[in-house]
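Numbering (UniProt numbering), first residue to last: 5 to 237. Heads up, the thing below is written out as structure tokens.
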Ligand code: SAM
């Protein structure tokens, strides 16, 4: 059985897609998506030998070699342009996901949808999408085993569309769709983050003051304020 987190990622893959799942580890996501008849074929990309071998074994054990190809390589270097129409990247930091997309930009020809599940820093992904003409189409935030996960979906389109002029900083941090819905998982995530930032701030107050520290303190105060404004609605 697939985790709720990965099932949610799969739910945003258009039916009949050819996908590449980058950082596939055990290839659980492509195996599930192929078995359920959601995708036509899949490439499972992995940069580390151990997880790559686990993916190969998983695909062989499931007898899905004719539908799923496991490839060893860094980020999008495992695909050729036009080969897939949907890319999933899950279970990594948002900064790493954004850097994989940035380095592999040339491979995104023909890709119509990105489904991304950052463990932290979804903001880095929202910024990358905005700067690269991908329109954030939906966001979901879920809790599983006490952890909160965000799932972002983007299509080629009008990157500015989900953002407003006045609130863009807040929307990039918290998610334009998520901050409207403000569900329980969202509240939990941002209450925890903001409590952590307050702790860091307290420690900073005790440290020797410098311009760099003041700048970091202001950045944190600003983020705490943005979160509090949204949560207090
Ligand atoms: N996607 C799976 C999931 O969400 O359950 C696995 C997540 S696992 C925490 C992250 C995987 O991404 C690891 O197996 C790691 O080796 C792989 N990875 C990290 N950076 C990568 C890169 N640049 N290219 C391909 N795979 C990468």
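We put the CB at the ideal spot given by N, CA and C, even for glycine.
The stretch 174-184 makes contact with the stretch 128-144: 3 or more CB pairs, one atom from each, lie closer than 8 Å. Secondary structure note for residue 54: it is in no beta strand (DSSP E), and the uninterrupted alpha helix (DSSP H) holding it is 53-65. Looking at the DSSP output, residue 117 shares a beta bridge with 90 and 159. Rounded to the nearest whole angstrom, the C-alpha separation of residue 6 and residue 216 is 45 Å. For the pair residue 102 and residue 135, the Cα-to-Cα distance works out to about 11 Å.
Excluding sequence positions up to five before and after residue 85, its CB lies within less than 6 Å of the CB of 111 and 113, all in the same chain and listed in chain order.
Within the same chain, Cβ atoms closer than 8 Å to the Cβ of residue 26 are found at 49, 79, 80, 82, 91, 92, 93 and 104, the five residues on either side in sequence being excluded. In summary, residue 52 is exposed, with fewer than 16 beta-carbon neighbours lying within 10 Å of its beta-carbon over all protein chains present.
In terms of side-chain proximity, the C-beta atom of residue 110 is found no nearer than 7 Å to any non-hydrogen atom of ligand 1. Counting the other Cβ atoms within 10 Å of the Cβ of residue 67 gives fewer than 16, which makes it exposed.
For residue 145 against residue 193, the beta-carbon gap comes to about 7 Å, under 8 Å, which counts as contact. Cβ neighbours of residue 191 within its own chain (closer than 8 Å, five residues either side excluded): 235. Contact between the stretch 27-40 and the stretch 55-63 is present: 3 or more CB-CB pairs across the two stretches fall below 8 Å. Pairing residue 160 with residue 18 gives a Cβ-Cβ distance that is not under 8 Å. Relative to ligand 1, residue 29 has its C-beta within less than 7 Å of a heavy atom. According to DSSP, residue pairing for residue 122 in a beta bridge involves 96. Between residue 115 and residue 88, the beta carbon gap of about 6 Å places them in contact (Cβ cut-off 8 Å).
Taking 7 Å as the cut-off, one finds at least one heavy atom of ligand 1 near enough to the beta carbon of residue 55.
The C-alpha of residue 196 is placed about 20 Å away from the C-alpha of residue 143. Here residue 15 is exposed, its C-beta having fewer than 16 other C-beta atoms within 10 Å. One thing to note: residue 147 has its Cβ no nearer than 8 Å to the Cβ of residue 199.
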